[in-house]
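The next block holds one structure in the form of structure tokens; read it before the comments.
2 protein chains.
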Amino acid sequence: MKLSRRAALRLLGAGAAATLIPKPARGRVLRQGAGTRTTDIVIVGAGFAGLTAARALRAGGHKVVVLDARDRVGGRVKPGKLAGATVDLGGQWVGEKQTRLRALLKEYGIATTPQYATGRSLVEINGRILSGPGEDVSLGAAGDAALKVALSRIRALVSEVPLETPWTAPRAREWDAVTMAEWIERQTGNRDARTMLRMMVEGLYTAEPSQVSLLFFLSYVKSGGSLEELWGTEGGAQAYVVPGSMHQLAGRIGAELFDQLVLGSPVTALAQDASGVTVTSAAGSWRAGRVIVTIPLPLTARLLYEPALPPRRDALAQRSPMGSVIKYWVAYREPFWRRRGLSGEVSSDRPPTDGFYDGSPPDASVGRLVGFIEAESALALTGRPMEERRRLVVARIAELLGPEGADPIDYVDNDWPAEAWTRGCYGAFMGPGTLTTLGPALCEPFGRIHWAGTETSPVWSGYIEGAIASGERAAAEVMARPA
Amino acid sequence: MKLSRRAALRLLGAGAAATLIPKPARGRVLRQGAGTRTTDIVIVGAGFAGLTAARALRAGGHKVVVLDARDRVGGRVKPGKLAGATVDLGGQWVGEKQTRLRALLKEYGIATTPQYATGRSLVEINGRILSGPGEDVSLGAAGDAALKVALSRIRALVSEVPLETPWTAPRAREWDAVTMAEWIERQTGNRDARTMLRMMVEGLYTAEPSQVSLLFFLSYVKSGGSLEELWGTEGGAQAYVVPGSMHQLAGRIGAELFDQLVLGSPVTALAQDASGVTVTSAAGSWRAGRVIVTIPLPLTARLLYEPALPPRRDALAQRSPMGSVIKYWVAYREPFWRRRGLSGEVSSDRPPTDGFYDGSPPDASVGRLVGFIEAESALALTGRPMEERRRLVVARIAELLGPEGADPIDYVDNDWPAEAWTRGCYGAFMGPGTLTTLGPALCEPFGRIHWAGTETSPVWSGYIEGAIASGERAAAEVMARPA
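Protein chains in written order, with this note's numbering: chain A, 1 to 483; chain B, 1001 to 1483.
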């Protein structure tokens, strides 16, 4: 559907609080456009990659049309309601070094606040519950020492990985033949250190360590700086939150696109020839000089391409499944854990509550926890009724933080593997033999079709920051070519 | 397009020799049907799974329509021309114990002949070329002993895997956390035995050992009986060939479908409700009581489903990429290797000619070799000009079989990863953590949609026999339910 500016502002939640958007009509042809419309560049997907590509292209004087299958912008950044407030059911954190995202937030005047991290955090591991100040939870002398050695080994390996072309690392083939499960087992015999490393892999990739290639892991860590930064709150990738919801930023950028944004219009086919590309969507067809495809990597192969997608790009998409995560929010009358000196930050090796944080509003008028059901646990619970997950999550919170945890005032979650237009989160991961064999196909333009999306970014791959970087890169790529 | 019986017989190659079929119009809407037609069951895909499902359903008195994206039947069984003769560019062999396929060939009066295996076979391994009678090539005493121990270990593990539900094996989780590369390394320090085992994994799955889960490997071996049978010619999976081409069998079954077969009509969407399913294809729409989807597992997620595909089935498709293989045929004036006492059967650890066989016609009026570029080598050469592969293959044949190998009279290959409607061959494989987590989603019907295709078969998964078994199973499943 095409939106008036007024309708756009309403639907996209361009105000301070994002509004909930009606469910998209999935895969159904809404209506055929009356003839093919023309534009300079069509962008497939109105997540942060698509939105920032559109911004950059418009700034460069180009006409764009942004198509999205959903009835909202934001992609993997999605608003939801919890106890009357808007919360982010998708991407929400702002990292200390995520300069692009921080600049955008500043430009739109959207405030951030540090992630709450006061008090003791908990680590549940191998049957014990450990605690420590901030993120400094000790595994005990032997565990800490073993973990330190492994982390310093990761730092050393990461330093050997070229940021833009990880497949050219001197030992790329060796590292790409090994899974993280294997590698962790070889590093240390210490059980807690092993479990902690496994938890970090699961938390970052929402996949099992046995499914992730060491080379992919290293390149992903490289893209975010260091494992400590990726894992961390203060100074790290979870440093800040947006009290008014991250989604409002997507809404604000989307609203600027006016009628150049077409929602509820899944793209089904891209046919290119010597003079341009014809884009077929549920809302009709567009003819453009170039197209930027920003949807999640494995979904890119689900469109019909004419001529057919190059086989190496298709094979890469086949070998890059989305990770699996269900993000939940639980609301309480107050952040009761704070009274106990707890930060609300918990990492656990007991499913399904693999990790959660304090997500209360700055005034602490209500207590909120925000967490993740990850990897295998998410695949076990995807497609099940939300009530079933609520029971499991709430019971675990009560065990971990105290009996008040059993009495929430609200619960909401988002089952990302069940979302037809994302099919997992946070991003795509790669098992052994993929990056070395097919990595160069990731960003290589296919004629007039260019690739964006967080998976294509050498910096902050898997994060909002990576999506922004990829959108800006793809826009620059398009502008550098003849129309 | 709809075909008259006469046109069907011509196009499908129902005669003794299959004809070459024009290239399909990929992904292009041929024409919209005038309104929605009705039938009892729609079958998506006219490979062996779809064809045998259609046969069984018609025998049960049901009306069927079979839709295929290509302009030919056969799916991964495909005819080609080499030096004027029809050869199989896809599936071609008949295994000793493949009872369904043998019965079908007998029913249609199509002759088979044993795979030529007279003389010494070669194994090129770790810089040496070894030879031996038939398939009995010795790696030397130490290598043979190490290989024997590993093969007997595989037999023991396979015996613990339940055929229909490999994820319920007592040690399923342990085996599904390990790659074949890891497992092989643990079995033996003998270099030749390790390489031989790696070659077997690559040859069977057309994937690297680092990409294949041990549990998936064991379940696949179980589905074909034993590793020795899968690998073997006499008494094994490569026991017989069809001189007139395997594709003619597909053509004959397809021809019986008359106008119930619609070619050149990619299916794009399946929308089901309480009373039936609407199937949208490039040749128009059909309304049916049930649908059987027989296309390769990873491609099943590329259709638009309404309601959306259950997340676990989608996640399974995302985690089951197609193996990678390019099949080649080389013709010579005569089978010159036979004069040297060679069988023409070669296994090699030097890419790109990972393995080939004597594919000469029974009268040896011309010499033919048929072989495979596998896994990483196939991904390196997919999408390249055929001439480039021809040069590489011919040069290797000359090195292995003698200088006459440098002087072929014809060459043809099929780049399976580049085929838009298959995107790899022979079948889908699974890395760690897939079968245990998502295996039960493989065959579970999704409302009125049932799954077939060789990947869904517990017997002979990855083979024509498995496709037939899956088609028959799906047809029985449909007939056992209320319309």
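Note that the Cβ used here is the ideal one computed from N, Cα and C, for glycine as well.
Going along chain A in order, which residues have a C-beta closer than 7 Å to the C-beta of A1420(B)?
A308
Ends of the beta strand (DSSP E) at P1133(B)?
1128-1133
Using CA coordinates, which residue listed in G45(A), H62(A), A83(A) is at the minimum distance from A69(A)?
G45(A)
Identify every residue that forms a DSSP beta bridge with N1414(B).
K1327(B)
Apart from the five residues on each side of it in sequence, which residues of its chain come closer than 6 Å, Cβ to Cβ, to G1471(B)?
A1049, T1052, A1053, A1452
Comparing alpha-carbon positions, which option in F1446(B), C1443(B), Y1463(B) lies nearest W1093(B)?
Y1463(B)
Taking DSSP as the reference, what is the three-state secondary structure of G471(A)?
helix
Round the Cβ separation of P1209(B) and T1179(B) to the nearest angstrom and send it over; I've been treating them as touching at under 8 Å.
7 Å
Start and end residues, beta strand (DSSP E) containing D1192(B)
From DSSP, D1192(B) is part of no beta strand (DSSP E) but of the alpha helix (DSSP H) over 1191-1205.
Taking 8 Å as the threshold (beta carbon to beta carbon), is G1027(B) in contact with chain A?
Interpretation of G1027(B) is limited by its pLDDT of 28, a score under 50 that renders its predicted location unreliable; the figure taken from the coordinates is listed afterwards. G1027(B) counts as touching chain A.
Neighbourhood of L299(A) by C-beta, 7 Å cutoff - its chain only, sequence neighbours within 5 removed:
R423
Beta-carbon proximity check, M1479(B) vs G1074(B), cutoff 8 Å:
no
Kindly indicate which three-state DSSP category A556(A) falls into: helix, strand or coil?
Outside the displayed span of chain A (1 to 483) sits residue 556(A), for which this structure offers no information.
Anticipated Cβ contact below 8 Å, P1043(B) with H1062(B), distance rounded:
The question names Pro, yet the displayed sequence has Ile at residue 1043(B). Between H1062(B) and I1043(B) the Cβ distance is about 11 Å, and since that is not below 8 Å, they are no contact.
Considering only residues of the same chain and omitting the five flanking positions on each side of G1232(B), which have a CB-CB separation below 7 Å?
E1135, Q1238
Using C-beta distances below 7 Å, list every residue in its chain close to A1301(B), excluding the 5 sequence neighbours before and after it, in chain order.
L1309, D1314, A1317, Q1318
Given this structure, state the Cα-to-Cα distance separating L1082(B) from G1090(B), to the nearest angstrom.
14 Å
Give the interface partners of P432(A) over in chain B, defined as CB-CB distance under 8 Å, in chain order.
Correct list: T1179, A1181, E1208, S1210, Q1211, G1431.
Output needed for I1272(B): all residues of its chain with C-beta closer than 6 Å, excluding positions within five of it in sequence on either side, in chain order.
At residue 1272(B) the sequence reads Gln, which differs from the Ile that was named. The beta carbon of Q1272(B) lies closer than 6 Å to those of G1447, R1448 in the same chain, with the five residues before and after it left out.
If you check the beta carbons only, do A282(A) and P296(A) fall under 8 Å apart?
Inclusion of A282(A) and P296(A) in the CB contact set at 8 Å is not warranted, their separation being larger than that value.
Chain A residues whose Cβ lies nearer than 7 Å to that of R1319(B):
When 7 Å is used as the limit between beta carbons, R1319(B) is near these residues of chain A: P321, in chain order.
Identify the continuous alpha helix (DSSP H) that holds L1051(B) and give its terminal residues.
1048-1059
Just by C-beta distance, which residues in the stretch 1437-1451 of chain B are closer than 9 Å to chain A?
T1437, L1438
Compute the distance between the beta-carbons of P1417(B) and Y1240(B), then report whether it is under 8 Å.
No, Cβ-Cβ distance for P1417(B) and Y1240(B) is not below 8 Å.
In three-state terms, what does DSSP make of H450(A)?
strand
Which complete alpha helix (DSSP H) runs does the stretch 1197-1253 of chain B hold, if anything under 4 residues is left out?
1214-1224, 1227-1231
Just the Cα atoms here: how many angstroms apart are S159(A) and L214(A)?
14 Å
Contact with chain A by T1268(B), beta-carbon distance below 8 Å
Chain A, which has a Cβ nearer than 8 Å to the Cβ of T1268(B), makes this yes.
DSSP beta-bridge partners of S1124(B)
The question names Ser, but residue 1124(B) in the sequence shown is Glu. BP columns for E1124(B) point to I1129(B), S1348(B).
Euclidean distance between Cα positions of V346(A) and E444(A)
Rounded to the nearest angstrom, the gap between the Cα atoms of V346(A) and E444(A) is 40 Å.
Taking 7 Å as the cut-off, is the CB of A1283(B) close to at least one heavy atom of the ligand COA?
With respect to small molecules bound, the structure shown includes none, and the ligand COA cannot be examined in it.
CA-CA distance, G1402(B) and P1362(B)?
22 Å
Starting from E1376(B), find everything on chain A with Cβ-Cβ shorter than 9 Å and list it in chain order.
G433, T436, T437
Look up G371(A) in the DSSP assignment and say whether it is helix, strand or coil.
strand
Are Q260(A) and V65(A) close, meaning C-beta to C-beta below 8 Å?
yes
Note down the Cα distance separating L249(A) from R72(A), rounded to an integer number of angstroms.
Pairing L249(A) with R72(A), the inter-Cα distance amounts to about 13 Å.
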